[in-house]
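Residue numbers (this note's numbering), protein chains in the order written: chain A, 1278 to 1548; chain B, 90 to 410.
Just so it is clear, CB atoms sit at the ideal spot from N, CA and C, and this is done for glycine as well.
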């Protein structure tokens, strides 16, 4: 919807929109202030004084490093699996019409449409029925399940905008299916896959609800944070970790935005 | 002028088959698109269709078993006893509480989200538009736990919110609110009000995006026609813009409703000790070891969301996603 260019927003609307955006952003900014506070026993505001001490303390904490390492490993493996499975699905669904196509898109969306707790508890009871012990792989299994949809959504949107005539032209010029994939399809969908992969990484890195059911005794970084939230023991370290988590998830989101931003044109449809 | 016609015999119309393994494979796929499709779909379908849906069904099945009162072990025979247990007043309370919270959170998210979406769709342009988009995307994607943690800091007794109220000499107002029944409590971080604020904060961005998309699709000429025919801005909004944006609103509400319905971490960290559905599921499958009842509890959000999605589909919300 576009009204004419002279239209000015009413003041009330401006204030309500600005207020809404502030409501969304101020709490996150607050985390950054708390990371520097000298207070360690409570969440006192305003902070009595500022210090950099907690960064050093956090740096020397093996449990934080271990949790971070596990989170990164899980996120990398789940993202890789989601990239393969999501792209395959997107390619199949957007290239052809076949019986059950609608059912497949529903199936892919199911893991994020159903509340995370349902996914978590059903995977956990399936593990216990099949007598699979908890391991990094059980966490990965849960994460990849809901990361597929993120990659799939990005890839399907790009496939829709990639003209089929490019593929036909490549075939007519004598390329075989694999060459067409490598030289024509992949360059076209590459940025969409990268963006989807980054969002999937951010989602997996941050996931806690499904993870509590599939991790057993292992600690990913969100699970470490959850324990601190339920029973605060080291508030200053938690503050620093929270700030680092914000920064770590911020970068892939900005990158994904940058990669998919000018996507209104269809490749190969202009000429 | 004579035209030299190339002899067709030199270039065969049908090329020969390709050489090598990959060449032959490529030819095979070309002649047989169904085979390629099958190969592409098998891995994801094995994963989602067998592993994921399989475990969902296994869980559903368990809700028809029951727990033996004496041994505390699961008895593997078909019974509706667990569902009878689910409908006890204490458990019904949990269900009603959760659904009511989800409904209120959805309404509040719609109210807070609407101005942002409306401004972004109708007035923001160029760099501002990108900024608005990022302004919604960043909170949406940033860490869920960090967001909850931020509110723990804000709502704490010694935290910033109480400090602001004290500076404004409005502490009496906060105390009056906390002394109210139901919404009140000892402090904000252990009251339904606190739970409600955090839910709205965490799920509201999911409302903004579909709403903004729907508002952007409202044709300008309809708005202009309404103005030309003498409608006041308020009338145009109520009779033209709002009904056309409604599918987007419903689409957004699917997320806020479903996410609130299944959450068990927010009410555990900020809120009263009374349980929500997610917490009940967690407690029954964990310490209590009552998997059948936990499974029966998960059926509630599934049924509620099923009904909700069915209504949303009738209102055309899926076209707005």
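Does the Cβ of residue i have 16 or more other Cβ atoms within 10 Å, making it buried, or fewer, making it exposed?
| i | result |
| --- | --- |
| residue 131/B | exposed |
| residue 106/B | exposed |
| residue 1329/A | exposed |
| residue 236/B | buried |
| residue 208/B | buried |
| residue 1541/A | Any answer about residue 1541/A is weak, because its pLDDT of 47 lies below 50 and its placement is not dependable; what the coordinates show is given next. Result: exposed. |
| residue 1478/A | buried |
| residue 169/B | exposed |
| residue 1563/A | As displayed, chain A neither begins before 1278 nor continues past 1548, which places residue 1563/A out of reach and without an answer. |
| residue 154/B | buried |
| residue 204/B | buried |
| residue 1453/A | buried |
| residue 378/B | exposed |
| residue 261/B | exposed |
| residue 269/B | exposed |
| residue 1428/A | buried |
| residue 332/B | exposed |
| residue 324/B | exposed |
| residue 1406/A | exposed |
| residue 368/B | buried |
| residue 414/B | Residue 414/B is absent from the structure shown; chain B starts at 90 and stops at 410. |
| residue 282/B | buried |
| residue 1475/A | buried |
| residue 258/B | exposed |
| residue 1547/A | At residue 1547/A the pLDDT is 43, less than 50, meaning the model places this residue with poor confidence; the figure from the coordinates comes in the next sentence. Label assigned to residue 1547/A: exposed. |
| residue 271/B | exposed |
Give the residues of chain B in contact with residue i, contact being defined as C-beta atoms less than 7 Å apart.
| i | result |
| --- | --- |
| residue 1321/A | 247 |
| residue 1332/A | The premise fails here: residue 1332/A is roughly 17 Å from chain B at the closest Cβ pair, so nothing lies under 7 Å. |
| residue 1454/A | 115, 118, 119 |
Which class does residue i belong to by DSSP, given the choice of helix, strand or coil?
| i | result |
| --- | --- |
| residue 163/B | strand |
| residue 393/B | helix |
| residue 127/B | helix |
| residue 1546/A | Here the model assigns residue 1546/A a pLDDT of 45, short of 50, so the residue's position is not dependable, and the following value carries that caveat. DSSP places residue 1546/A in coil when its eight states are reduced to three. |
| residue 361/B | coil |
| residue 176/B | coil |
| residue 1328/A | coil |
| residue 1413/A | helix |
| residue 321/B | coil |
| residue 376/B | coil |
| residue 246/B | coil |
| residue 301/B | helix |
| residue 1376/A | coil |
| residue 290/B | helix |
| residue 1286/A | coil |
| residue 285/B | helix |
| residue 1280/A | Residue confidence is low: residue 1280/A scores 47 on pLDDT, short of 50, so the model does not pin down where it sits. Its coordinate-derived value is still stated next. Residue 1280/A falls in the coil class under three-state DSSP. |
| residue 258/B | coil |
| residue 1392/A | coil |
| residue 90/B | A caution first: residue 90/B carries a pLDDT of 44, below 50, which makes its placement in the model unreliable, though a value can still be read off. Note: residue 90/B maps to coil in three-state DSSP. |
| residue 1508/A | coil |
| residue 1488/A | helix |
| residue 1429/A | helix |
| residue 307/B | coil |
| residue 399/B | helix |
| residue 1526/A | helix |
What residues from chain A crowd round residue i, counting only those whose CB sits closer than 9 Å?
| i | result |
| --- | --- |
| residue 231/B | 1305, 1479, 1483, 1522, 1523, 1526, 1527, 1530 |
| residue 241/B | 1320, 1506, 1509 |
Interface residues of chain A around residue i at Cβ under 8 Å?
| i | result |
| --- | --- |
| residue 338/B | Per Cβ cutoff of 8 Å: no residues; residue 338/B is ~15 Å from chain A at best. |
| residue 111/B | 1453, 1455 |
| residue 327/B | None at all; the shortest Cβ gap to chain A is about 15 Å. |
| residue 411/B | Residue 411/B falls outside the range modelled here, since chain B spans only 90 to 410, and no answer is possible. |
Cβ closer than 9 Å: which chain B residues qualify as neighbours of residue i?
| i | result |
| --- | --- |
| residue 1466/A | The premise fails here: residue 1466/A is roughly 14 Å from chain B at the closest Cβ pair, so nothing lies under 9 Å. |
| residue 1394/A | 351, 352, 353, 366, 367, 370, 371, 387, 390 |
| residue 1329/A | Within chain B, no residue comes near residue 1329/A; the closest Cβ sits about 19 Å away, beyond 9 Å. |
| residue 1300/A | 201, 289, 290, 293 |
Report the partner residues of residue i according to the DSSP bridge assignment.
| i | result |
| --- | --- |
| residue 155/B | 164/B |
| residue 1314/A | 1327/A |
Note down, in chain order, every chain B residue with its Cβ under 8 Å from the Cβ of residue i.
| i | result |
| --- | --- |
| residue 1355/A | Going along chain B, no residue has its Cβ under 8 Å from residue 1355/A, so there is no contact; the nearest lies around 12 Å. |
| residue 1311/A | 242 |
| residue 1503/A | 234, 354 |
If the cut is a Cβ gap below 7 Å, which residues of chain A does residue i touch?
| i | result |
| --- | --- |
| residue 151/B | 1402 |
Just by C-beta distance, which residues in the stretch 1410-1427 of chain A are closer than 9 Å to chain B?
1418, 1421, 1422, 1425
Give, in chain order, every residue of the stretch 1360-1384 of chain A whose Cβ lies closer than 7 Å to some Cβ of chain B.
1362, 1365, 1366, 1368, 1369, 1373, 1375, 1384
Residues in the stretch 373-397 of chain B with C-beta within 8 Å of chain A's C-beta atoms, listed in sequence order?
374, 380, 383, 384, 387, 390, 391, 394
What residues in the stretch 258-274 of chain B bring their beta carbon closer than 9 Å to a beta carbon of chain A?
none
Under 7 Å (Cβ pairs) to chain A, residues found in the stretch 153-169 of chain B
none
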